[in-house]
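Undergrad: Protein chains in written order, with our numbering: chain A, 7 to 301; chain B, 2 to 455.
First, the structure itself, so that you have it in front of you.
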Amino acid sequence: MRISSAMQYSTYDADINSAQNKLYTAQQQESTGLAINNPSDNPAGAEQVINMNGVESQLNQYQSNLSQAKDILNSTSTALTGAGSIMQSAYQIALSASSGTNSASSEANMAQQITTLQQQLTAAGNTTGPNGEYLFAGQKTSTQPFSASSGSLVYSGDSGSIQIAGGPTDSLTVNVPGSPLFTNAYNQLETLKTDIQSGNVSNISTDLGGLQSAQTAFTDASGTMGSTADSVASLTTANTSRITDLQSDISNLTNVNIANAVTNYTSAQSAYQAALEVVGQASTSLSLVNYISGQ
Amino acid sequence: MSYAFQGISTLSSALEAFQTQLDVTGQNISNVNTPGYSDEQVNLSESPTGSQTYGSTFQLGSGVNIASVTRVRDMYLQGSSLASNASLGAANSQTSATSSANEIVADPNNTGLASAIDGFYNAWQSLAATPGTANQQAVLQAGQTVASDITSTYSSIQGLQSSTSGQISSTIQQIQSYSNQIASLNQEILSAQGGGSTPNSLMDQRDQVVQQLSSLANVNVQQYGNGSYEVSMGNLQLVNQSGAQTVPTQFNTSTMSLTDGANSYPVQSGQLSGLMTAVNQLNGYESNLNTLAGTISSTVNAVYATGVNSSGTTGANFFDGSDASDLAVDPAIVNNPSTIATGASGEAADVGVAQQLGDLGTQSQANLGGLSPTQYYGQLVSQIGSDGQNALNSQSTQTALNQQIQNQISSTSGVNLDQEMTNLLQFQRSYQAAAQAVSSMDQVVQSLLQSVSA
Numbered sequence: 007m008r009i010s011s012a013m014q015y016s017t018y019d020a021d022i023n024s025a026q027n028k029l030y031t032a033q034q035q036e037s038t039g040l041a042i043n044n045p046s047d048n049p050a051g052a053e054q055v056i057n058m059n060g061v062e063s064q065l066n067q068y069q070s071n072l073s074q075a076k077d078i079l080n081s082t083s084t085a086l087t088g089a090g091s092i093m094q095s096a097y098q099i100a101l102s103a104s105s106g107t108n109s110a111s112s113e114a115n116m117a118q119q120i121t122t123l124q125q126q127l128t129a130a131g132n133t134t135g136p137n138g139e140y141l142f143a144g145q146k147t148s149t150q151p152f153s154a155s156s157g158s159l160v161y162s163g164d165s166g167s168i169q170i171a172g173g174p175t176d177s178l179t180v181n182v183p184g185s186p187l188f189t190n191a192y193n194q195l196e197t198l199k200t201d202i203q204s205g206n207v208s209n210i211s212t213d214l215g216g217l218q219s220a221q222t223a224f225t226d227a228s229g230t231m232g233s234t235a236d237s238v239a240s241l242t243t244a245n246t247s248r249i250t251d252l253q254s255d256i257s258n259l260t261n262v263n264i265a266n267a268v269t270n271y272t273s274a275q276s277a278y279q280a281a282l283e284v285v286g287q288a289s290t291s292l293s294l295v296n297y298i299s300g301q
Numbered sequence: 002m003s004y005a006f007q008g009i010s011t012l013s014s015a016l017e018a019f020q021t022q023l024d025v026t027g028q029n030i031s032n033v034n035t036p037g038y039s040d041e042q043v044n045l046s047e048s049p050t051g052s053q054t055y056g057s058t059f060q061l062g063s064g065v066n067i068a069s070v071t072r073v074r075d076m077y078l079q080g081s082s083l084a085s086n087a088s089l090g091a092a093n094s095q096t097s098a099t100s101s102a103n104e105i106v107a108d109p110n111n112t113g114l115a116s117a118i119d120g121f122y123n124a125w126q127s128l129a130a131t132p133g134t135a136n137q138q139a140v141l142q143a144g145q146t147v148a149s150d151i152t153s154t155y156s157s158i159q160g161l162q163s164s165t166s167g168q169i170s171s172t173i174q175q176i177q178s179y180s181n182q183i184a185s186l187n188q189e190i191l192s193a194q195g196g197g198s199t200p201n202s203l204m205d206q207r208d209q210v211v212q213q214l215s216s217l218a219n220v221n222v223q224q225y226g227n228g229s230y231e232v233s234m235g236n237l238q239l240v241n242q243s244g245a246q247t248v249p250t251q252f253n254t255s256t257m258s259l260t261d262g263a264n265s266y267p268v269q270s271g272q273l274s275g276l277m278t279a280v281n282q283l284n285g286y287e288s289n290l291n292t293l294a295g296t297i298s299s300t301v302n303a304v305y306a307t308g309v310n311s312s313g314t315t316g317a318n319f320f321d322g323s324d325a326s327d328l329a330v331d332p333a334i335v336n337n338p339s340t341i342a343t344g345a346s347g348e349a350a351d352v353g354v355a356q357q358l359g360d361l362g363t364q365s366q367a368n369l370g371g372l373s374p375t376q377y378y379g380q381l382v383s384q385i386g387s388d389g390q391n392a393l394n395s396q397s398t399q400t401a402l403n404q405q406i407q408n409q410i411s412s413t414s415g416v417n418l419d420q421e422m423t424n425l426l427q428f429q430r431s432y433q434a435a436a437q438a439v440s441s442m443d444q445v446v447q448s449l450l451q452s453v454s455a
């Protein structure tokens, strides 16, 4: 093939240009550390990254929901355990009251203790959670649910349940209906107080059963919260491992393998250098012009 | 019987011929870098035999004659380069538009529209998990971010589309201008030929303009008997024997054609078709964004309207606007985010509606082809990416093919300096020999004159 001079130089130009482009791409990948700088670098990969980022961001949201649920469950559990202890104390008082050997002043003292326990129980029913919300008010979390009025507990909450999403299909109930638990316990205490004040020993013996079942109700509710907390923990662990997997998949797609990037860069650099050298030599020595001396 | 000065006259024609060869070599060397220049060569022929008879049997020629100076040109290669130029022109213009579209949706650090969509639905999840004004405020901000990211992506694509349409108009003007140049070169060549000369440089210029025109559109060149070019783009004549024709300035990208009202002229290749394809692709992206924005708006509003807020209002909209150009959060919410409804009862802790809205983020939508909003956007990005990748691939293929054809043309028509230098030596030596021969003749005649006078 006849090689024209312009063709020779335009070929050099094209070769240098292509070597320079490869060097630039290798440089860009190495310096940004990103394998996909534009969707056109890897269209299917870019779509996968968007979808995986979406899933990861939702999992992170579930993690934050679960941590919120854990806080609420802990506060609720503590309050229920506290309420159980209150009933336990009342049970002890009832036991000694049921002996029938107490003086009038000691009976008055016991009734006073029950009143204090009632106040503590009311306070436990009005426990607030991590964000200042009332834990036992159903969905009326901004309204104080319990207030004592002429010997009974008035409930201003509702029976709604509070649910937190821990996963696409994992809706967790993080509250217990407060009204029956606390109003029933309060009434038991009120009955006990009346019986102590009236010295009705046989009634006090009957009261013991009611006190015990109120205490059990608190313990059971606390147990329910505990098993929900277990679910929270296992969902959190499962999400964490899915997030780790996703992050590694995303990283495989988006990040360049540094060893490869460095190798690519070095070979692109050599190719570029070689292209430059060819032009340098061809233009300085390889031409008939250089061998014809002036006549 | 030989005349004494016959030899000198023969050699004078040789000196003139070699001088011309040296001049043409000089012209070739001068134009080694001129685009479109064709290597020229002097075609010599032996001069007709003179009337002298040497002895009775043979006659001598009267020297050398310059028959013509011609361009070295392969018309077949010129023709095949037109189609290749057009394909390359199409690939180049499309690559430039799709690369810009790729930059608009480039999202290497997950900071763009995709994460805004995720963030919006997650904000509802947060509000459902922890009701309160802080998270209502967060939902408002996430809603504003997703709305403004969609509208700004849309307007960037639209801006790109309108500048691409502008390029179509200026390409049409360029086609008109090249057609005018070819028509006037046709005229000049005709009149030079009428004067009896071969206007090589004008022919090179005309071929060069045809090459430039061919990268803009699919053009065909026919040569009339008188050497004029007829240039057409499909069924549209650009230049004919009566001169340059008017190129229609109206175009329709969806039918890929130019139109003058009465007729339409399909555009099959070249920069013009690349730009039209790009406009069609950009239109597709815009309509996808509209579908995305419309679906987000209508699905969110349908659920949101079932909510009752703290002041008892129900049936309200969360988003205003129905497409990617006007999506925005309803002003009532912007002015007072604490009025955001989360449930059907209006109680702070009733988060049923917020939870449903949060779940919308991962639900497949019939309007989105059974995909979730994020997946739908991912599919759009993948579409833009593969359009860009295809254009880049086609550009690199067409560049290589075109380079090959240009090399073939250059191989035939280009100037090779080594060859010119060899020719230079040959012509110089020939000239020296002819001059030497003149000098010898001179000595012969001189010695004859001296002996006669002595």
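We put the beta carbon where it would ideally sit given N, CA and C, even for glycine.
As the structure is a prediction and not an experimental result, all values here were calculated from the model.
If we define contact as Cβ-Cβ less than 8 angstroms, is Asn-181/B a contact residue for chain A?
TA: For Asn-181/B, the answer is no, since every Cβ of chain A falls outside 8 angstroms of its Cβ.
Undergrad: Taking 6 angstroms as the limit between beta carbons, can you name the residues of its chain near Thr-1/B, skipping five residues before and five after?
TA: The structure shown does not extend to residue 1/B, since chain B is modelled only from 2 to 455, so the question has no answer here.
Undergrad: Return yes when the Cβ of Glu-41/B is within less than 8 angstroms of the Cβ of Val-25/B, no when it is not.
TA: Going by C-beta atoms, Val-25/B is nearer than 8 angstroms to Glu-41/B.
Undergrad: Go ahead and label Ala-143/A buried or exposed: buried means 16 or more other beta carbons lie within 10 angstroms of its beta carbon, across all protein chains shown.
TA: So Ala-143/A counts as buried.
Undergrad: Does the distance from the CB of Gln-380/B to the CB of Glu-53/A come in under 8 angstroms?
TA: Against a cut-off of 8 angstroms, the Cβ pair of Glu-53/A and Gln-380/B comes out as a contact.
Undergrad: Distance check for Gly-27/B and Leu-12/B, CA to CA, integer angstroms please.
TA: Spanning the two alpha carbons is a distance of roughly 22 angstroms.
Undergrad: Which one or two residues does DSSP pair with Thr-50/B in a beta bridge?
TA: Its beta-bridge partners are Gly-62/B.
Undergrad: Are Leu-161/B and Ala-98/B close, meaning C-beta to C-beta below 8 angstroms?
TA: In this structure, Ala-98/B lies closer than 8 angstroms to Leu-161/B by Cβ.
Undergrad: Figure out for me which residue from Arg-430/B, Asp-119/B, Thr-278/B, Arg-207/B has the closest Cα to the Cα of Leu-65/A.
TA: For the residues Arg-430/B, Asp-119/B, Thr-278/B, Arg-207/B, the minimum Cα distance to Leu-65/A belongs to Asp-119/B.
Undergrad: I'd like to know whether the C-beta atoms of Pro-186/A and Gly-386/B end up nearer to each other than 8 angstroms.
TA: No; because the gap between Cβ atoms is not below 8 angstroms, this pair is not in contact.
Undergrad: Report the three-state DSSP secondary structure of Arg-248/A (helix, strand or coil).
TA: Three-state DSSP puts Arg-248/A in a helix.
Undergrad: With C-beta atoms as the reference, is Thr-128/A less than 8 angstroms away from Glu-139/A?
TA: No, they are not a contact pair.
Undergrad: Taking 8 angstroms as the CB-CB limit, is Thr-398/B close to chain A?
TA: No, Thr-398/B lies away from the interface with chain A (no Cβ there is under 8 angstroms from its Cβ).
Undergrad: What separation, rounded to the nearest whole angstrom, lies between the Cα atoms of Ser-460/B and Asn-296/A?
TA: Residue 460/B is absent from the model: chain B starts at 2 and stops at 455.
Undergrad: Going straight from the alpha carbon of Gln-301/A to that of Arg-430/B, what length do you get?
TA: Model confidence at Gln-301/A stands at a pLDDT of 45, short of 50, so the residue's coordinates are unreliable; what they give is reported in the following sentence. Each residue's Cα considered, the two are about 11 angstroms apart.
Undergrad: Any Cβ of chain A within less than 8 angstroms of the Cβ of Thr-1/B?
TA: Because residue 1/B is not part of the residues shown, which for chain B are 2 to 455, the question remains open.
Undergrad: Less than 8 angstroms separating the beta-carbons of Ile-183/B and Gly-228/B?
TA: No, these two residues do not count as a Cβ contact at 8 angstroms.
Undergrad: Please report the distance separating the alpha-carbon of Asp-388/B from that of Asn-394/B.
TA: So the alpha carbons of these two residues sit roughly 10 angstroms apart.
Undergrad: Tell me which residues share the same chain as Ala-92/B and place their Cβ nearer than 6 angstroms to its Cβ, disregarding the 5 neighbours each side in the sequence.
TA: Closer than 6 angstroms at the Cβ level, and outside the excluded window around Ala-92/B, lie Ser-395, Gln-396, Gln-399.
Undergrad: What does the alpha-carbon distance come out to for the pair Thr-152/B and Met-277/B?
TA: Distance between the alpha carbons of Thr-152/B and Met-277/B is about 24 angstroms.
Undergrad: Which residue wins for smallest C-alpha separation from Ala-342/B, given the options Tyr-305/B, Ala-438/B, Ala-193/B, Gly-362/B?
TA: Ranking the options by Cα distance to Ala-342/B, first place goes to Tyr-305/B.
Undergrad: Could you pull the DSSP bridge partners for Tyr-230/B from this structure?
TA: Gln-224/B, per the DSSP bridge assignment.
Undergrad: So, is Leu-450/B buried or exposed, given that buried needs 16 or more other C-beta atoms within 10 angstroms?
TA: When all chains shown are included, Leu-450/B counts as exposed.
Undergrad: Grab me the residues of Glu-36/A's own chain with a C-beta within less than 6 angstroms of its C-beta, minus the 5 sequence neighbours each way, in chain order.
TA: Excluding residues within five positions, the ones whose Cβ falls inside 6 angstroms are Ala-267, Tyr-271.
Undergrad: Quick check on DSSP: helix, strand or coil for Thr-307/B?
TA: DSSP places Thr-307/B in coil when its eight states are reduced to three.
Undergrad: Taking just the CA atoms, how far does Gly-197/B sit from Gln-405/B?
TA: Looking at the two C-alpha atoms, the distance is approximately 37 angstroms.
Undergrad: Can you give me the C-alpha to C-alpha distance between Ser-326/B and Gly-244/B, rounded to a whole angstrom?
TA: Approximately 47 angstroms between the Cα atoms of the pair.
Undergrad: Of all Cβ atoms in chain A, is any one closer than 8 angstroms to the Cβ of Leu-449/B?
TA: So no, Leu-449/B is outside the interface.
Undergrad: For a test of the three-state rule: what should DSSP assign to Gly-120/B, helix, strand or coil?
TA: Helix at Gly-120/B.
Undergrad: Would you say Leu-178/A lies against chain B (beta-carbon separation less than 8 angstroms)?
TA: Judged by the 8 angstroms Cβ criterion, Leu-178/A is not in contact with chain B.
Undergrad: Within the same chain, show all residues whose beta-carbon is closer than 8 angstroms to that of Asn-103/B, passing over the 5 residues directly before and after it, in chain order.
TA: The answer, listed in chain order, is Ile-385, Gly-386, Gly-389.
Undergrad: Indicate the three-state DSSP secondary structure (helix, strand or coil) for Leu-45/B in the structure shown.
TA: Residue state, collapsed to three classes: strand.
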